[in-house]
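Chemist: Below you'll find the structure I mean.
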Amino acid sequence: KVVRLAHRPTTDIDPSYHLPLTYESVPTFPDDDGKTPLVLLHRLYLSIDPAMRGWMSSARSYLPPVAINAVMRGATLSEVVAVRGASRLKVGDVVSEFAGEAGGWQEYVIVSARSVRKIETWSELVDNHQQTPRELPLTIHLSVLGTTGLTAYFGFIHVGCPRLPSETKRPEVVLVNAAAGAVGSIVCQIAKNVYGCKVIGVAGSDAKCRLLIDDLKCCDAVINYREMENEVERGAGTADPAELFALKSTEFQKRLRRVLKQIDAKGLDIVFDNVGGYQLNECLSRLNYFARVAICGAISGYNNDLTKQQTDNNVSPTGLYMKHGMAIISLRAKIQGFIVLDYIKEWSNAKKDLARWVLEGKIRYQKEDIRDGLENAPSALVDLFHGNNNGKLIVKVGEQ
Ligand code: NDP
Numbered sequence: 254k255v256v257r258l259a260h261r262p263t264t265d266i267d268p269s270y271h272l273p274l275t276y277e278s279v280p281t282f283p284d285d286d287g288k289t290p291l292v293l294l295h296r297l298y299l300s301i302d303p304a305m306r307g308w309m310s311s312a313r314s315y316l317p318p319v320a321i322n323a324v325m326r327g328a329t330l331s332e333v334v335a336v337r338g339a340s341r342l343k344v345g346d347v348v349s350e351f352a353g354e355a356g357g358w359q360e361y362v363i364v365s366a367r368s369v370r371k372i373e374t375w376s377e378l379v380d381n382h383q384q385t386p387r388e389l390p391l392t393i394h395l396s397v398l399g400t401t402g403l404t405a406y407f408g409f410i411h412v413g414c415p416r417l418p419s420e421t422k423r424p425e426v427v428l429v430n431a432a433a434g435a436v437g438s439i440v441c442q443i444a445k446n447v448y449g450c451k452v453i454g455v456a457g458s459d460a461k462c463r464l465l466i467d468d469l470k471c472c473d474a475v476i477n478y479r480e481m482e483n484e485v486e487r488g489a490g491t492a493d494p495a496e497l498f499a500l501k502s503t504e505f506q507k508r509l510r511r512v513l514k515q516i517d518a519k520g521l522d523i524v525f526d527n528v529g530g531y532q533l534n535e536c537l538s539r540l541n542y543f544a545r546v547a548i549c550g551a552i553s554g555y556n557n558d559l560t561k562q563q564t565d566n567n568v569s570p571t572g573l574y575m576k577h578g579m580a581i582i583s584l585r586a587k588i589q590g591f592i593v594l595d596y597i598k599e600w601s602n603a604k605k606d607l608a609r610w611v612l613e614g615k616i617r618y619q620k621e622d623i624r625d626g627l628e629n630a631p632s633a634l635v636d637l638f639h640g641n642n643n644g645k646l647i648v649k650v651g652e653q
């Protein structure tokens, strides 16, 4: 089974049109000089990420677009089933790969042995660990110990630059949106359990809000933005996108003020933004002096047709209002985008911190949302844009 990009979406993804499933023969080693060590990989798991929507478009980005008819790109875990040439890898090893040469949405692929890395054992990750690590599933290498955890780690720590309560007079106040998602839930836990921050989570359902408050205990207050949006739409008496945007902004601002009061805070020290749009705009008007805004993603706009004129001239494609410019200057606030790949040289050390925090219970390992079969990968990707995922979304492609 292989999924190739057949067409580029301009708005929402239509799974069978844009990402059809095909059946192809299992590749065999090429009949060449045999000097390059090669491995035949059997895919076990495929990570499903919002970024895939961007890779499907032709827009300029941090990675080149996936070519039409190319295998869809993705981060993966695979088992080595055959080796050709001298390699440190052997049959049965499990390797991970992020969006590179090892392809993505296919059951079998042959790649250079150098392009994949064997997943770390717990004793490689946690120095002198006293306790035997709990049995944690392989998929943790795509969630907490994969690019998801690394995005939370570098975005929050390196871009958000949190300060411990001992360095400031009060705990810092952090807002995270898409807070119950894969990246968001790890950011909230690092903020609360490692840095002692006060955390506000924004999520799209009561169940997700309860997860943050009652189960993970990583948020002090929450906003259910989807319930708020539905309320606004019901009472608006208009379907005009610009008017609705303004109404949602106003209502979100009200709720933001309410939760700040609830946690006895005046403003936000750190915003970890996964969403963009009005959520980001309204956070920008509630910043404290020297606030840091880490722009991780803008999922509310990924399905927008960027070739079309925005209906509201104040809204750029990512939805940033220009009106905040002066406030950002006088508050000496910092807004920075980042890509997890920027920190690739520091991944090994960061994984050690993340693994230690899992063992110490500072990051609760949450079961991933695992879908069965490569044929379900395209519809799983669509689910991300409707909040129909519970934590890290992964597709199980094959049995080990
Ligand atoms: P998630 O598990 O958070 O899933 C996406 C979530 O986004 C959904 O569950 C939904 O949660 C929320 N969402 C979807 N549509 C909207 C919308 N219109 N408005 C508000 N929220 C919405 O995915 P990830 O954790 O994998 O990714 C989170 C963000 O991090 C994405 O923006 C992604 O692009 C970004 N990212 C950035 C990286 C980087 O290097 N900069 C690397 C990896 C991810 P809900 O039900 O709460 O609405």
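Under mature numbering (1 follows the signal peptide of the UniProt record, and there is no 0), the first residue of the sequence shown is numbered 254, with each subsequent residue one higher.
Cβ atoms here follow ideal geometry from the backbone N, Cα and C, with glycine treated the same way.
Considering only residues of the segment 289-364, which uninterrupted beta strand (DSSP E) runs meet the minimum length of 3 residues and lie entirely inside it, listed in chain order?
Modeler: Whole beta strand (DSSP E) segments, 3+ residues: 291-300, 329-337, 347-350.
Chemist: Looking only at C-alpha atoms, which of Asn602, Tyr298, Val635 sits nearest to Val407?
Modeler: Here residue 407 corresponds to residue number 154 of the sequence shown, with the count starting at 1. In the sequence on display, residue 407 carries Phe and not Val. Minimum Cα distance to Phe407 is reached at Asn602.
Chemist: Kindly provide the ranges of any alpha helix (DSSP H) runs that are 4 or more residues long and lie completely inside the segment 434-499, ordered along the chain.
Modeler: Listed in chain order, they are 435-442, 459-463, 478-489.
Chemist: Determine contact between the segment 600-615 and the segment 267-279, defined as no fewer than three beta-carbon pairs at a distance below 8 Å.
Modeler: No: fewer than three Cβ pairs fall under 8 Å.
Chemist: Can you tell me the Cα-Cα spacing of Ala431 and Lys461, whole angstroms?
Modeler: Translated into positions along the sequence shown, residue 431 becomes position 178. Translated into positions along the sequence shown, residue 461 becomes position 208. Going from the Cα of Ala431 to the Cα of Lys461 covers about 10 Å.
Chemist: For Asp558, which of helix, strand or coil comes out of DSSP?
Modeler: Along the sequence shown, read from residue 1 onward, the residue named residue 558 stands at position 305. Looking at Asp558 - three-state DSSP - the assignment turns out to be coil, as it is neither helix nor strand.
Chemist: Kindly indicate which residue of Ile393, Asp285, Leu389 has the alpha-carbon position closest to the one of Gly338.
Modeler: For the purposes of this step, residue 338 is taken as residue 85 along the sequence shown, with counting starting at 1. Among Ile393, Asp285, Leu389, the Cα nearest to that of Gly338 is on Asp285.
Chemist: Using C-beta distances below 6 Å, list every residue in its chain close to Val427, excluding the 5 sequence neighbours before and after it, in chain order.
Modeler: Along the sequence shown, read from residue 1 onward, the residue named residue 427 stands at position 174. Ala444, Cys450, Val452, Ile523.
Chemist: So, at 6 Å on beta carbons, what are the nonlocal neighbours of Ser396 in its own chain, with the 5 sequence-adjacent residues on each side left out?
Modeler: As a first step, residue 396 is located in the sequence shown; it is residue number 143 there, counting from the start. Taken in chain order, the residues that qualify are Glu621, Lys645.
Chemist: May I ask you to report which of helix, strand or coil DSSP gives Phe505?
Modeler: As a working note, residue 505 is residue 252 in the sequence shown. If DSSP states are grouped into helix, strand and coil, Phe505 belongs with the helices.
Chemist: Which same chain residues, not among the five before or five after Ile516, have their C-beta less than 6 Å away from its C-beta?
Modeler: Taking the first residue of the sequence shown as position 1, residue 516 is located at position 263. Cβ within range, chain order: Lys451, Asp473, Ala474.
Chemist: Can you tell me whether Thr404 sits near ligand 1, meaning its C-beta is under 7 Å from at least one heavy atom of the ligand?
Modeler: The sequence position of residue 404 within the sequence shown is 151, counting from 1. Checking the Cβ of Thr404 against ligand 1 gives yes.
Chemist: How about Gly434: is its Cβ closer than 7 Å to a heavy atom in ligand 1?
Modeler: Your numbering for residue 434 matches position 181 in the sequence shown. The answer is yes for Gly434.
Chemist: Using 8 Å as the Cβ pair cut-off and three pairs as the minimum, do the segment 341-360 and the segment 575-584 touch?
Modeler: In short, these stretches do not touch, since the Cβ pair count stays below three.
Chemist: Can you give the Cα-Cα distance for Lys288 and Ala335, rounded to whole angstroms?
Modeler: Within the sequence shown, numbered from 1, the residue matching residue 288 stands at position 35. Within the sequence shown, numbered from 1, the residue matching residue 335 stands at position 82. Computed Cα separation, rounded: 16 Å.
Chemist: Please return the same chain residues whose Cβ sits closer than 8 Å to the Cβ of Phe505, not counting the five positions on each side in sequence.
Modeler: Against the sequence shown, residue 505 aligns to sequence position 252. These residues qualify, in order along the chain: Ile476, Tyr478, Met481, Tyr531, Gln532, Glu535.
Chemist: Closer than 7 Å to a non-hydrogen atom of ligand 1 - does that hold for the CB of Val611?
Modeler: As a position in the sequence shown, residue 611 is number 358, starting the count at 1. No.
Chemist: Whole angstroms is fine: what's the gap from Ala518's alpha carbon to Asp267's?
Modeler: Along the sequence shown, one-based indexing puts residue 518 at 265. Along the sequence shown, one-based indexing puts residue 267 at 14. If you take the alpha carbons of Ala518 and Asp267, they lie about 43 Å apart.
Chemist: Compute the Euclidean distance between the alpha carbons of Leu330 and Ile623, then round it to the nearest angstrom.
Modeler: Here residue 330 refers to the residue found at position 77 when the sequence shown is read from its first residue. Here residue 623 refers to the residue found at position 370 when the sequence shown is read from its first residue. For Leu330 and Ile623, the distance between alpha carbons rounds to 13 Å.
Chemist: Starting from Asn541, trace the beta strand (DSSP E) in both directions and tell me its first and last residue.
Modeler: Taking the first residue of the sequence shown as position 1, residue 541 is located at position 288. Here the beta strand (DSSP E) through Asn541 covers 540-548.
Chemist: Kindly indicate which three-state DSSP category Ser569 falls into: helix, strand or coil?
Modeler: By 1-based counting over the sequence shown, the position of residue 569 is 316. Summary for Ser569: the model assigns pLDDT 49, below 50, so the residue's position carries little reliability; its value from the coordinates is reported in the next sentence. Note: Ser569 maps to coil in three-state DSSP.
Chemist: Which residues does DSSP list as the beta-bridge partners of Ile616?
Modeler: Counted from its first residue, the sequence shown places residue 616 at position 363. For Ile616, which the question treats as bridged, DSSP gives no partner whatsoever.
Chemist: Between the C-alpha atoms of Ala435 and Thr400, what's the straight-line distance to the nearest angstrom?
Modeler: Here the question's residue 435 lines up with position 182 in the sequence shown. Here the question's residue 400 lines up with position 147 in the sequence shown. Roughly 10 Å separates the two Cα atoms.
Chemist: Can you tell me whether Thr589 is helix, strand or coil according to DSSP?
Modeler: Counting from one through the sequence shown, the residue named residue 589 turns up at place 336. At residue 589 the sequence reads Gln, which differs from the Thr that was named. DSSP places Gln589 in strand when its eight states are reduced to three.
Chemist: Taking the C-alpha atoms as reference points, what is the distance between Leu465 and Cys471?
Modeler: Taking the sequence shown and counting its residues from 1, one reaches residue 465 at position 212. Taking the sequence shown and counting its residues from 1, one reaches residue 471 at position 218. Straight-line Cα distance between these residues: approximately 6 Å.
Chemist: Taking 7 Å as the cut-off, does the CB of Ser310 come closer than this to any heavy atom belonging to ligand 1?
Modeler: Position 57 of the sequence shown holds residue 310. Answer for Ser310: no, Cβ out of range of ligand 1.
Chemist: When you measure from the CB of Thr329 to every non-hydrogen atom of ligand 1, does any distance come out below 7 Å?
Modeler: Position 76 of the sequence shown, counting from 1, holds the residue named residue 329. Checking every heavy atom of ligand 1 against the Cβ of Thr329, none is found closer than 7 Å.
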